[in-house]
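Counting in the UniProt record's numbering, the sequence shown runs from 1 upward without gaps.
What follows is a single structure, written as structure tokens, with notes after it.
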Amino acid sequence: MSAMAFRPSSRAFALMVLLIAASVLGLAPILVRLTETGPAAAGFWRFLFALPLLTILASREPGGVGAASKWALLAGLFFALDLSFWHYGIVMTSVANATVLCNLTPVVVTLFGWFVLKERPHRLFILALALAMGGAFAMAAGADGGQGTNPMLGDLFSLSVAIWYSGYFLAVQAARRTAGAMRVTFWATLLGAPLLLIVALVLGEAVIPAGPAGWAACVAMGVMHVFGQGGVAWALGKLPASVTAVTILIQPVVAGLLGWWIFGETLTPVQALGGALVLGAIVLAQRSQRAKSVQATETKPQDASNGLK
């Protein structure tokens, strides 16, 4: 592929940024377990330590930090719900399961686009979606069952996150029409931080990390949030939400490998097969967009000629 294909305005460059950002976010479940705080409190520290860097980066965009749009604030609400349920899921079930189940977002996003926005997906994308969901199910069902404090409840919590994360995706995509990625991420984070602190206090969580290692994990989560979530927000301004939702399924693959390496969580052959299916689905999803673009280009002249009859 030529260097021109990777210019900042190209789809290939947007895909590369998205893959890197999603891989960075694969660190999230690992860091949550290392924070030495409660699950919602970990989300609060993630947001709080991200805000200074987000403020600097957002101020460098055209228009600066500016005012918050309703879509950016809605994104913050959805993301606070997302992290509250997901962080509890991470504690209760395996890293791989929590990350996979919460990333069933492509189903919700695709169905919303299909039935609400009337954006019919290409047949190749439907195949990619089926492969991604099959891979996600394999990674969840293939776990050895001895991971986490309450695997069943943790799986249910993680599954509910797909709804909150879908809402976040769609809200960010709407907000990106009028604002830069860092401004949107800044306002969503600023709203989400106090909401997560309230959840942590109401549930009686340990809010303060027990030691230096816990503080280091909290700071690392903040940096990860800026580059990971900021990268996803940027890509949502360049790529369709449905394709972005499928592509970030590389996140559970990264998280599963890290969970196996750091925590010694068993990565069964079925889970490995699921990860391979997810990676294959990402490739198919991107090809489906190219096929859809070619199809649209081929039908335009025909439509124009029909209009002259």
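Just so you know, even glycine gets a beta-carbon here, dropped at the ideal spot from N, CA and C.
| request: Report the option in Ala241, Val172, Gly211 and Leu249 whose CA atom is closest to the CA atom of Phe186. | output: For the residues Ala241, Val172, Gly211 and Leu249, the minimum Cα distance to Phe186 belongs to Val172.
| field | As assigned by DSSP and simplified to three states, the class of Thr189 | value | helix
| query | Quick check: the stretch 63-75 against the stretch 243-261, are there 3 or more CB pairs under 8 Å? | reply | No, they do not touch.
| field | Option in Leu170, Phe47, Ala210 and Met16 with minimal Cα separation from Ser242 | value | Leu170
| task | Take Leu25 and list the residues in its own chain whose beta-carbon comes closer than 6 Å to its own, dropping the five residues that flank it on each side. | result | Gly228 and Gln251
| field | Alpha-carbon spacing of Ser10 relative to Arg120, whole angstroms | value | 23 Å
| query | Can you give the Cα-Cα distance for Pro29 and Gly237, rounded to whole angstroms? | reply | 26 Å
| Where Pro62 falls: helix, strand or coil (DSSP) | coil
| task | Please report how far the alpha carbon of Ala14 lies from the alpha carbon of Ala285, in whole angstroms. | result | 14 Å
| request: Check whether the Cβ atoms of Ala80 and Gly192 sit closer than 8 Å, and answer yes or no. | output: In this structure, Gly192 lies closer than 8 Å to Ala80 by Cβ.
| task | Please state whether DSSP places Val202 in a helix, a strand or coil. | result | helix
| query | Using a beta-carbon distance below 8 Å, is Leu284 in contact with chain D? | reply | Among the protein chains of the structure shown there is no chain D, as only one such chain exists.
| said: Does Ala245 come out as helix, strand or coil in the three-state DSSP assignment? | reply: helix
| request: Pull up the distance between the alpha-carbon of Glu205 and that of Gly38, whole angstroms please. | output: Looking at the two C-alpha atoms, the distance is approximately 5 Å.
| request: Find the nearest neighbour of residue 338 within the set His122, Trp45, Val253 and Arg60, judged by alpha-carbon distance. | output: The displayed coordinates of the chain run from 1 to 309. Any statement about residue 338 would go beyond what the structure contains.
| query | Run through DSSP, which three-state label would Thr93 get? | reply | coil
| field | Alpha-carbon to alpha-carbon, Ile208 and Val184 | value | 28 Å
| C-alpha gap between Phe44 and Leu196, whole angstroms | 5 Å
| Three-state secondary structure (DSSP) of Ser10 | Correct three-state label for Ser10: coil.
| task | Measure from the alpha carbon of Gly214 to the alpha carbon of each residue in Arg46, Met16 and Trp86, then state which is nearest. | result | Arg46
| task | Count the other C-beta atoms from every protein chain shown that fall within 10 angstroms of the C-beta of Ala58, then say buried if there are 16 or more, exposed otherwise. | result | buried
| said: Just to confirm my understanding: we take Ala5, look at its own chain, exclude 5 residues before and 5 after, and list those with CB closer than 7 Å. What are they? | reply: Residue placement at Ala5 cannot be trusted, given a pLDDT of 49 that sits under 50; what the coordinates show is reported in the next sentence. Excluding residues within five positions, the ones whose Cβ falls inside 7 Å are Ala12.
| query | Going by the beta-carbon positions, is the gap between Ala245 and Pro106 smaller than 8 Å? | reply | Yes, the pair counts as a contact, with Cβ atoms nearer than the cut-off.
| request: Taking Ala21 and His87 to be in contact with their CB atoms under 8 Å, please state how far apart those CB atoms are, rounded to whole angstroms. | output: Not really, about 19 Å apart at Cβ, beyond 8 Å.
| task | Starting from Ala220, follow the alpha helix (DSSP H) in both directions and report where the run begins and ends. | result | Pro212 to Leu236
| Option nearest Thr149 by Cα separation, candidates Thr93, Val270 and Val199 | Per the Cα distances, Thr93.
| Beta-carbon proximity check, Ser166 vs Phe112, cutoff 8 Å | Against a cut-off of 8 Å, the Cβ pair of Phe112 and Ser166 comes out as a contact.
| query | Exposed or buried, Met133, counting other C-beta atoms within 10 Å across all chains shown (16 or more means buried)? | reply | buried
| query | How should Pro151 be labelled, buried or exposed, when 16 other C-beta atoms within 10 angstroms of its C-beta is the threshold for buried? | reply | buried
| query | Mapping DSSP to helix, strand and coil, what is Val207? | reply | coil
| request: Please classify Lys70: does DSSP put it in a helix, a strand, or coil? | output: helix
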